[in-house]
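In UniProt numbering, the protein residues as written are 1 to 247.
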């Protein structure tokens, strides 16, 4: 895949899927901007990846519209353009809906739905100007088929799927493509925080009998960002080891 010197911005890039995606883009020659609300972790990640490729860190709170606008201004000033946006930031707590406090709902929606919406809005002018911008939103299989203990999270991620499809219809007129990757259970810090019983149950439910590695999600993201998917937009790809097999 050809990404040499393309500018790629990734949210939630200090760990998990976002970090794996940053590494994957750096390995193929992209100039990667890692963003995260965790400044210390983000700076460390970007520094460690410099041995792989051209990486830098910029602070971003996806729940803060002003923070997204500051990011857009920095990218335009320091890099001059933007080719690819990957919205990978996300967060969840698995517990029954009736145990969720209202403040949890607000945080889940702010981070998992409004975060990508705000970042995309702030960066779209740069993507339009590139002439071939690409957006890859990281949703979840929970948003496709539902998930026990993740009612509000699944709702937010389902919203991202609908947002991606609707946005794709609009931005294609400016030569920007938008697609969505839906990971199943993945070996991230969030997965590691679950109980052993929960982790075992998830693995047993997957036909391939293991969870995904973050790098495997990154591979799907790179496909949607590459020229190999140049005639693909508004699509959703599940990466779940066969856990979900529905359209």
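Beta carbons are placed, not taken as given, at the ideal position from N, Cα and C, and that holds for glycine.
Please report how far the alpha carbon of residue i lies from the alpha carbon of residue j, in whole angstroms.
i: residue 184; j: residue 191; result: 11 Å
i: residue 53; j: residue 26; result: 5 Å
i: residue 196; j: residue 202; result: 10 Å
i: residue 187; j: residue 216; result: 10 Å
i: residue 113; j: residue 2; result: 30 Å
i: residue 155; j: residue 147; result: 10 Å
i: residue 174; j: residue 95; result: 42 Å
i: residue 176; j: residue 62; result: 21 Å
i: residue 82; j: residue 32; result: 10 Å
i: residue 101; j: residue 115; result: 20 Å
i: residue 169; j: residue 103; result: 33 Å
i: residue 75; j: residue 68; result: 11 Å
i: residue 220; j: residue 23; result: 14 Å
Output needed for residue i: all residues of its chain with C-beta closer than 7 Å, excluding positions within five of it in sequence on either side, in chain order.
i: residue 43; result: 57
Among the options, which residue has its Cα nearest to the Cα of residue i?
i: residue 162; options: 148, 173, 178; result: 178
i: residue 21; options: 85, 243, 70; result: 85
i: residue 164; options: 149, 136, 188, 1; result: 136
i: residue 218; options: 15, 5, 119, 172; result: 15
i: residue 36; options: 1, 91, 81; result: 91
i: residue 46; options: 65, 11, 77; result: 11
i: residue 79; options: 171, 67, 55, 99; result: 55
i: residue 230; options: 200, 172, 245; result: 172
i: residue 7; options: 69, 93, 132; result: 132
i: residue 40; options: 23, 50, 59; result: 59
i: residue 243; options: 158, 138, 210, 120; result: 210
i: residue 118; options: 159, 234, 166, 66; result: 66
Whose C-beta lies closer than 6 Å to the C-beta of residue i among residues of the same chain, with five residues either side of it excluded?
i: residue 151; result: 97
i: residue 225; result: 84, 134, 136
i: residue 4; result: 29
i: residue 18; result: 10, 12, 88
Suppose the cutoff is 8 Å on Cβ atoms and the five residues either side in sequence are ignored; what does the same chain contact list for residue i look like?
i: residue 240; result: 141, 182, 183, 184, 185, 206, 212
i: residue 232; result: 177, 179, 224
i: residue 105; result: 152
i: residue 227; result: 1, 2
Give a single yes or no on whether residue i has its beta carbon closer than 7 Å to a heavy atom of the ligand SAH.
i: residue 92; result: As for the ligand SAH, it is missing from this structure, which has no ligand bound.
Establish whether the CB of residue i and some CB of chain B are separated by less than 8 Å.
i: residue 231; result: The structure shown has no chain B; it contains just one protein chain.
Contact between the region 194 to 210 and the region 109 to 117 (3+ Cβ pairs under 8 Å): no
May I ask you to verify whether the region 142 to 158 touches the region 119 to 133, counting CB pairs closer than 8 Å and requiring at least 3? no
Starting from the N-terminal side, write out each stretch of the alpha helix (DSSP H) that is 4 residues or longer and does not extend beyond the region 139 to 174. 141 to 145, 151 to 171
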